[in-house]
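K.L.:
FYI, the numbering for the sequence shown is 4 to 651, going by this note's numbering. The C-beta atom is built at its ideal place from N, Cα and C for all residues, glycine as well.
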Amino acid sequence: MIKEFFFRTGKHYASKWTVLLIDLCIVSFSFILAYFIRFNLSFDFDVQRLWAQLPVVVVLFLAAFLISGSYKGVVRHTGIKDVYAIFNAVCLASIGAIAVVLINRYLDLVNGFTIPLSIIIINSLLTFIVLAASRYVFKIAYESLMKSGQLPSKNLIIYGAGESGIITYNTLTNHSKMGAKVIGFVDSNHKKVGKHINGVKVYDKSILTEEFIKFHRISEVIFSIQTIQPNQLRALVNEIVDLPVKVKIVPPVEDWINGELKVSQIKRVQIEDLLDRPPIEIRNSKIIKDFDDKVIMVTGGAGSIGSELARQICKYDYRSLIVIDQAESALYDLQQELKQAGFFNFVPIVSDIRDKNKMRVLFEQYKPDRIFHAAAYKHVPLMEQNPYEAVKINVAGTKTIVDLATEYDVEKFVFVSTDKAVNPTNIMGATKRIAEMYISCRQQEGKTKFITTRFGNVLGSNGSVIPLFRKQIEKGGPLTVTHKDITRYFMTIPEASQLVLEAGAMGKGGEIFIFDMGESVKIMDLAKNMIRLSGLHYPDDIDIKITGLRPGEKLYEELLANGENTLPTYHDKIMISKVREINYPKVRALIDELCISNLFFKDNVVQLMKNIVPEYISNNSDFCKLDKKNPVREVKTSSEIGHPQLNN
Numbered sequence: 004m005i006k007e008f009f010f011r012t013g014k015h016y017a018s019k020w021t022v023l024l025i026d027l028c029i030v031s032f033s034f035i036l037a038y039f040i041r042f043n044l045s046f047d048f049d050v051q052r053l054w055a056q057l058p059v060v061v062v063l064f065l066a067a068f069l070i071s072g073s074y075k076g077v078v079r080h081t082g083i084k085d086v087y088a089i090f091n092a093v094c095l096a097s098i099g100a101i102a103v104v105l106i107n108r109y110l111d112l113v114n115g116f117t118i119p120l121s122i123i124i125i126n127s128l129l130t131f132i133v134l135a136a137s138r139y140v141f142k143i144a145y146e147s148l149m150k151s152g153q154l155p156s157k158n159l160i161i162y163g164a165g166e167s168g169i170i171t172y173n174t175l176t177n178h179s180k181m182g183a184k185v186i187g188f189v190d191s192n193h194k195k196v197g198k199h200i201n202g203v204k205v206y207d208k209s210i211l212t213e214e215f216i217k218f219h220r221i222s223e224v225i226f227s228i229q230t231i232q233p234n235q236l237r238a239l240v241n242e243i244v245d246l247p248v249k250v251k252i253v254p255p256v257e258d259w260i261n262g263e264l265k266v267s268q269i270k271r272v273q274i275e276d277l278l279d280r281p282p283i284e285i286r287n288s289k290i291i292k293d294f295d296d297k298v299i300m301v302t303g304g305a306g307s308i309g310s311e312l313a314r315q316i317c318k319y320d321y322r323s324l325i326v327i328d329q330a331e332s333a334l335y336d337l338q339q340e341l342k343q344a345g346f347f348n349f350v351p352i353v354s355d356i357r358d359k360n361k362m363r364v365l366f367e368q369y370k371p372d373r374i375f376h377a378a379a380y381k382h383v384p385l386m387e388q389n390p391y392e393a394v395k396i397n398v399a400g401t402k403t404i405v406d407l408a409t410e411y412d413v414e415k416f417v418f419v420s421t422d423k424a425v426n427p428t429n430i431m432g433a434t435k436r437i438a439e440m441y442i443s444c445r446q447q448e449g450k451t452k453f454i455t456t457r458f459g460n461v462l463g464s465n466g467s468v469i470p471l472f473r474k475q476i477e478k479g480g481p482l483t484v485t486h487k488d489i490t491r492y493f494m495t496i497p498e499a500s501q502l503v504l505e506a507g508a509m510g511k512g513g514e515i516f517i518f519d520m521g522e523s524v525k526i527m528d529l530a531k532n533m534i535r536l537s538g539l540h541y542p543d544d545i546d547i548k549i550t551g552l553r554p555g556e557k558l559y560e561e562l563l564a565n566g567e568n569t570l571p572t573y574h575d576k577i578m579i580s581k582v583r584e585i586n587y588p589k590v591r592a593l594i595d596e597l598c599i600s601n602l603f604f605k606d607n608v609v610q611l612m613k614n615i616v617p618e619y620i621s622n623n624s625d626f627c628k629l630d631k632k633n634p635v636r637e638v639k640t641s642s643e644i645g646h647p648q649l650n651n
């Protein structure tokens, strides 16, 4: 019956006036008890004087409660701040009582009215203790009754016994519906090990063994360390991913909702959280100046990079943003997202960059000052089967936008390239390299400053390996990896987009910007980590299948071609590639021929591409027959590759 009462009232918060009335009753009880304590639990005092003093004390506490707002807290969620409010109210009322006694002593407003100082002190202590204890008892009783009869609580370990860990503990324990029980904290600080926080013991990380996990039936380990670096987090996660627990992480403080952590924000550790390098920090002062009152055009604006470029650009003070893409649905989604975020100064246009007449109309109408060209076909296996489309979009489409940019005196043109353009082994990489070369040719003419950015794989982008692995895990596997030694460089979508913006701001024309992406990641290791982070085991729960290199696929990617070196910039993670000299008239003529040739004959087109890009040697492809000597590149391990982008 008591539980039923708590359940009914638990759906609604108790009235603050009810809490206030109960608090005043507690004050009255404590004041009477103070007299008994003062006079050795006897009636050896003037009872009439007590009844005369009691209303004054109650009025003083009423005023103190109203001022401090201590009665407004939700009793079943009482915390440190609520106890602090009670303490302030008691102190304020006690000071008021002393003031009343002193004023009456000197002014004699009420004949013979006084309250012994000892009674005031005893009453203050009793009132504070009883008010705080009553809230705590109610809170414990409520939680116990609500949890009784529920399914067994899930047991957790919080990794980190600092301030963030304590806040996480309070959030989890105050969330009654979650039914979570924190078994202990784990911390590497030996000064904390063995101590207790809120009655919960702090352990050394050495206790995280399979025996300990099974004995305490622990289902989750939650990392709650705000200052941890990605490489440190990866090392810690690697130590426990083989245990039968889910690994979760508390987001940074700046991501908490209104400064408070919510249970819904505690997410499972993602592979992105383990990126083995510190995030690249971009200085935005140059971008602010570069975008001021400019008309900006983004092609491929509904894609992974293009849409993030649009989101980033919207934060600056530009004149107008033109977003072009042929994908209607994706462009509509971006439009709605930006509108809901409060951005309205942009123009979404459904169009194809291959349509030169339409592009000319747009250039004539909007007269862009900055162009970010992200429109491209990027999937290697598909483009290996469709060289016609690859050339028409990646080369001819880029040529159209570049020619119009020169014709209409666009100030800056920033081209989004890829590491696959370096020593290409496939159609997609070769088309992107040809586009880079055409841009270099046009840099010699006109007023437009042409800038190129190269980077590796983007985490979470459309068609990237991580979303593919997630889908395969959801289906129960197996995960498909093309080669056990294949490696890739990775970066996040925001980093990629910020790099492009920063390159556009710092570029003087003719540069190819690359950046230090840290160590390359072995895809086999990435697949194993994703299986483990899903709470599963390789190969018992989910296996990994080696499928063989796809047509045109490399074992490793490079950011610098043969004969290229780098120059530093003001940003220590961003460098400029020193490209080798090319015969501009000859290359320009060959690219023009490529764009107007009969592209349906694959071999003719690919042969022409190989003439334009001599280092383009097909790998595991039908077009290997077109390489005169069909040389086989030496396969290097990741340790032998090192950091080609850093070699000067």
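List the endpoints of the continuous beta strand (DSSP E) containing Tyr559.
P.N.:
Unbroken run through Tyr559: none, as it is neither H nor E.
K.L.:
Restricting to Cα atoms, I'd like to know which of Ser121, Cys627, Ile231, Gly309 is closest to Ile374.
P.N.:
Gly309
K.L.:
Helix, strand or coil: how does DSSP classify Ser307 here?
P.N.:
helix
K.L.:
If you compare alpha carbons, which of Met300, Ser523, Lys251, Tyr441 is closest to Glu367?
P.N.:
Met300
K.L.:
Grab the span of the alpha helix (DSSP H) containing Ala530 for me, first residue to last.
P.N.:
Start and end: 526-536.
K.L.:
Tell me which residues share the same chain as Ser73 and place their Cβ nearer than 6 Å to its Cβ, disregarding the 5 neighbours each side in the sequence.
P.N.:
Ala88, Ile89, Ala92
K.L.:
Just the C-alpha distance for Ile210 and Ile476, rounded to the nearest angstrom, thanks.
P.N.:
30 Å
K.L.:
Evaluate the contact criterion for the stretch 32-48 versus the stretch 111-129: three or more CB pairs, one atom per stretch, below 8 Å.
P.N.:
yes
K.L.:
Measuring straight from C-alpha to C-alpha, what distance separates Glu263 and Pro255?
P.N.:
So the two alpha carbons sit approximately 11 Å from each other.
K.L.:
By a C-beta neighbour count over all protein chains shown, 10 Å radius and 16 as the cutoff for buried, is Gln339 buried or exposed?
P.N.:
exposed
K.L.:
What's the call for Ala344, buried or exposed, on a 16-neighbour Cβ count within 10 Å?
P.N.:
exposed
K.L.:
Which residue from Met440, Val590, Tyr145, Lys289 puts its Cα closest to that of Gly510?
P.N.:
Lys289
K.L.:
Might you give, ordered along the chain, the residues of its own chain that have their beta carbon closer than 6 Å to the beta carbon of Ala313, omitting 5 neighbours on each side?
P.N.:
Val301, Gly304, Val326
K.L.:
Identify the continuous alpha helix (DSSP H) that holds Phe626 and give its terminal residues.
P.N.:
Element bounds for Phe626: n/a, residue is neither H nor E.
K.L.:
Cutting at 7 Å between CB atoms, please list the residues of its own chain near Ile70, excluding the five before and the five after it.
P.N.:
Leu95
K.L.:
In its own chain, which residues sit with a C-beta less than 7 Å from the C-beta of Asp190, not counting the 5 before and 5 after it?
P.N.:
Gly163, Ala164, Val196, Val205
K.L.:
Which of the three DSSP states, helix, strand or coil, is assigned to Tyr162?
P.N.:
strand
K.L.:
Give me the DSSP bridge partner(s) of Thr495.
P.N.:
Leu462
K.L.:
Measuring straight from C-alpha to C-alpha, what distance separates Arg237 and Val250?
P.N.:
12 Å
K.L.:
Measure the alpha-carbon distance for Val203 versus Ile534 and round it to whole angstroms.
P.N.:
Cα to Cα, the separation comes out at about 31 Å.
K.L.:
Suppose only complete runs of 4+ residues qualify. What are the alpha helix (DSSP H) ranges in the stretch 190-244, listed by chain order?
P.N.:
213-218, 233-243
K.L.:
Find out if the Cβ-Cβ distance for the pair Lys452, Asn397 is shorter than 9 Å.
P.N.:
In this structure, Asn397 does not lie closer than 9 Å to Lys452 by Cβ.
K.L.:
Could you pull out every residue in the same chain whose Cβ sits closer than 7 Å to the Cβ of Val19, ignoring the five residues on either side in sequence?
P.N.:
The sequence given here places Lys at residue 19; Val does not occur at that position. Close CB contacts of Lys19 within its chain, under the 7 Å cut and outside five residues either way in sequence, are with Tyr74, Lys75 (chain order).
K.L.:
Can you pull the DSSP bridge partners for Leu482?
P.N.:
Paired residue(s): Ile547.
K.L.:
So the candidates are Ser443, Asp412, Tyr369, Met494; which of them puts its Cα closest to the Cα of Asp422?
P.N.:
Met494
K.L.:
Taking buried to mean at least 16 other C-beta atoms within 10 Å of its own C-beta, is Glu214 buried or exposed?
P.N.:
By the neighbour-count definition (other C-beta atoms within 10 Å, threshold 16), Glu214 is an exposed residue.
K.L.:
Between Ala333 and the rest of its own chain, which residues show a CB-CB distance below 6 Å, the 5 nearest in sequence each way excluded?
P.N.:
Ala305
K.L.:
Taking the CB atoms as reference points, tell me whether Ser97 and Ser127 lie closer together than 9 Å.
P.N.:
yes
K.L.:
So what's Lys657 in DSSP terms, helix, strand or just coil?
P.N.:
Outside the displayed span of the chain (4 to 651) sits residue 657, for which this structure offers no information.
K.L.:
Taking the alpha helix (DSSP H) that Phe68 falls in, what are its first and last residues?
P.N.:
50-71
K.L.:
With Asp707 as the anchor, note down where its beta strand (DSSP E) starts and where it stops.
P.N.:
Nothing in the structure corresponds to residue 707, since the chain is present only between 4 and 651.
K.L.:
Short of 8 Å in beta carbon distance, which residues of its chain neighbour Val616, apart from the five on each side in sequence? Order them along the chain.
P.N.:
Pro427, Ala433, Arg436, Ile437, Met440
K.L.:
Cβ atoms of Pro470 and Glu311: under 9 Å apart, would you say?
P.N.:
In this structure, Glu311 sits away from Pro470, with a CB-CB distance that is not shorter than 9 Å.
K.L.:
Just to confirm the assignment, what range does the beta strand (DSSP E) spanning Pro371 have?
P.N.:
Note, Pro371: premise wrong, no beta strand (DSSP E); not H, not E.
K.L.:
Using 8 Å as the cut-off, can you tell me whether the stretch 606-616 makes contact with the stretch 403-414, which would need three or more C-beta pairs spanning the two stretches below that distance?
P.N.:
no
K.L.:
Quick check on this structure: which residue in Phe349, Ile517, Val425, Leu552 has the alpha carbon closest to the alpha carbon of Pro371?
P.N.:
Phe349
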